[in-house]
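In numbering that gives the first Met the number 0, the protein residues as written are 0 to 528.
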Amino acid sequence: MNAIDRIIAFLSPGIALKRQAARRALQFMNAGYSESGASTRKKSMKGWQAWSSSPQADIDMNLDILRQRSRDLFMGGALGRSAIVTSRTNVVGAGLRLKCRIDYEFLGISREQAEQWEKNTEREFAVWAESVFCDAMRLNNFYKMQSILFMSTLLNGDGWVIIKQAEPEPYFPYSLRLHLIEADRISTPAKTPGSIFALNRVEGKNPDNGNRIISGVEINEEGAVVAYWISNMYPGDPARPTGKIEWQRVEAFGPRTGKPNVLQIMEAERCEQYRGVPYLSPVIEDLKQITRYTEAELMAAIVTGFFTVFIKESQTPFTEFPLTEAIPQNEKVDLDPNAFELGAGTINTLPPGYDIATADPKRPSSNFDAFVTALARHVGAALEIPYELLLKSFTASYSASRAALLEAWKAFRMRRTWFASDFCQPVYELWLAEAVARGRISAPGFFNDPLVAKAWSRAEWHGPAPGQIDPVKEVQAAQMRVASGFSTRERETIELTGGDFDRNIEQLQRENQLMREAGLPLEGTGKGG
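Here it is as structure tokens:
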């Protein structure tokens, strides 16, 4: 206590006590984040009244409008569509391909036997995956379905696959079918008891067991997913105005096998989150404003490019044959003073007493490209896509462009990993179980022990390669990594070209044999047959 406080305490203890209490309160207010990010007294922070709650309140209540706007940007916005298709092309491309990697040491077989089993299994899997009969709707094969499902996941926040069974055909020996559905069809039934937020059907209750239903996902009292509620039609579909919407409950996993009946592909961002957030959600406003600005600039440039002639009529013709008389009546514009036309080569006739004034909009704007590029950087940072990829504009140096691609591929590989984990691998395991059960694949002990089944099911999923900016430098770097033991030829083949090293060796062996038989020199040797 300083001298002034001691004097006040001697003269008026009550006032001194209030001063001490105020000092303590001030110390508390100035503690920690209360004077920085959590400040409510600073002028710069007073107006920022942020509010956040559960994932259901923050995400599920807004999902409907987020999906609609994301789809609108995909269908009518250049940058929005670029973000989606760029991610799709690099993550999935023409489809992730199976590469079996069984644990042959645990299974007690030789490496040669394992390689032969893997080749046979990949060949057998192609029978199912490359046919449209793997699709319950018979529209796409497995690889095309990957592309559709991944884009649906980005647009809607999550992708959905219903696992179905159908009778095998003479030309298609498997019963496994995949049915892709829109995320909107996974929803809480509108008439469930205790329904909350009925407009968006966020939460309800299963009347049979009391389980909560959150946006179509039924969970038990521990929060575990036990079932999904799927509507028989797209909610509010104007193409089926008279259709009656009904919901069917589908258990998440088979009670006997534990195999999934429904696959949900989602990139979660919060704990206890049951539905995904559309990929474009953080930048919806930015993308819409960019689209509006681009459209305005385009329209202004078009108007500026019009060459329009205005002819002023006079009460007293200045010649015996006025110029306007040379224009056929049916080609003249309406003399209504409110009806004038702008267009390429348009001629307007002005009534007496009317004049024209021109405004120079100075379009296209010299700042247009710089402004859009700056916004593309902003959007790309949020979406983990460098603006060079977003705009498909590579004008920087080799080092800068390569750094941008490397950064983008960190995100692409991450999404490829979870997509393969959520979709490709579970589907492969379902197929393999059927193939073993039908005797088309031999896998001893597959149904006796989950550990054995997992050893037979191990696999990798390879997709498109990043490509090379300078192929010579990157091939030399790959050779150095292999020579130093930092990588393998197989890994470098996948990274550089997305190919299969084993098949490359087989093909090269055959090609070299043909070259020798023809007496032609082999590359790099200068020696013929």
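Cβ coordinates follow ideal geometry from the N, Cα and C atoms, glycine included. Everything numeric in this text was worked out from a predicted model, so none of it was measured.
- Along the length of the stretch 139-189, whole alpha helix (DSSP H) runs at least 4 residues long occupy 141-155, reported in chain order.
- Rounded to the nearest angstrom, the gap between the Cα atoms of A77 and I83 is 10 Å.
- Residue range 367-382 is occupied by the alpha helix (DSSP H) that includes A369.
- Taking each of L95, D157, L106, A15 in turn and checking the Cα distance to P449, the smallest one comes out for L106.
- Under DSSP, C99 shares a beta bridge with A458.
- Contact annotation: A182 and R255 have beta-carbon atoms that are not nearer than 9 Å.
- Under DSSP, E250 forms a beta bridge with A226.
- Put simply, the stretch 266-277 touches the stretch 45-60. At least three CB pairs are less than 8 Å apart.
- Bounds of the alpha helix (DSSP H) holding E491 are 488-496.
- Per DSSP, the continuous beta strand (DSSP E) segment holding K204 begins and ends at 202-204.
- For R502, no pairing in a beta bridge is given by DSSP.
- Membership of V282 in any beta strand (DSSP E) is not indicated, and neither H nor E is assigned to it by DSSP.
- Residues Y103 of the same chain have their beta carbon placed closer than 8 Å to that of R110, with the five preceding and five following residues left out of the count.
- Taking 4 residues as the minimum length, the alpha helix (DSSP H) runs contained wholly in the stretch 84-138 are 103-106, 110-128, in order along the chain.
- Non-local C-beta neighbours of A454 in its own chain, meaning closer than 7 Å and more than five positions away in sequence, comprise I101, D102, F105, L106, ordered along the chain.
- Of all C-beta pairs linking the stretch 114-132 to the stretch 157-173, three or more are shorter than 8 Å, placing the two stretches in contact.
- Proximity of the stretch 373-384 to the stretch 401-419 meets the contact definition, three or more beta-carbon pairs being nearer than 8 Å.
- Listed in chain order, the beta strand (DSSP E) runs fully inside the stretch 43-75 amount to none, counting runs of at least 3 residues.
- By the criterion of at least three beta-carbon pairs nearer than 8 Å, the stretch 486-503 is in contact with the stretch 460-470.
- With a 10 Å radius around the Cβ and a threshold of 16 neighbouring Cβ atoms, Q506 comes out exposed.
- L262 is bridged by DSSP to V160.
- Assignment of I218 by DSSP, reduced to helix, strand and coil, places it in the strand class.
- Less than 9 Å separates the beta-carbon of I283 from that of L72.
- Cβ neighbours of A226 within its own chain (closer than 7 Å, five residues either side excluded): E217, R248, V249, E250, A251.
- For I212, the secondary structure class from DSSP, reduced to helix, strand or coil, is strand.
- Taking all protein chains in view, the Cβ of T303 is surrounded by fewer than 16 other Cβ atoms within 10 Å, so the residue is classified as exposed.
- Taking the Cα positions, A482 is about 10 Å away from R488.
- Rounded to whole angstroms, the Cβ separation of S456 and L429 is 10 Å, and the two are not in contact under 8 Å.
- Contact between the stretch 154-171 and the stretch 438-449 is absent, with fewer than three C-beta pairs closer than 8 Å.
- For R401, the enclosing alpha helix (DSSP H) has its first and last residue at 397-418.
- Rounded to the nearest whole angstrom, the C-alpha separation of A402 and F411 is 14 Å.
- Secondary structure note for Q272: it is in no alpha helix (DSSP H), with a DSSP letter that is neither H nor E.
- The C-alpha of F446 is placed about 7 Å away from the C-alpha of A452.
- Note on A395: under 16 other CB atoms within 10 angstroms of its CB, so exposed under the neighbour-count rule.
- Going by beta carbons, E221 and N231 fall outside the 9 Å limit.
- Around the C-beta of A49, fewer than 16 other C-beta atoms lie within 10 Å, and the residue is accordingly described as exposed.
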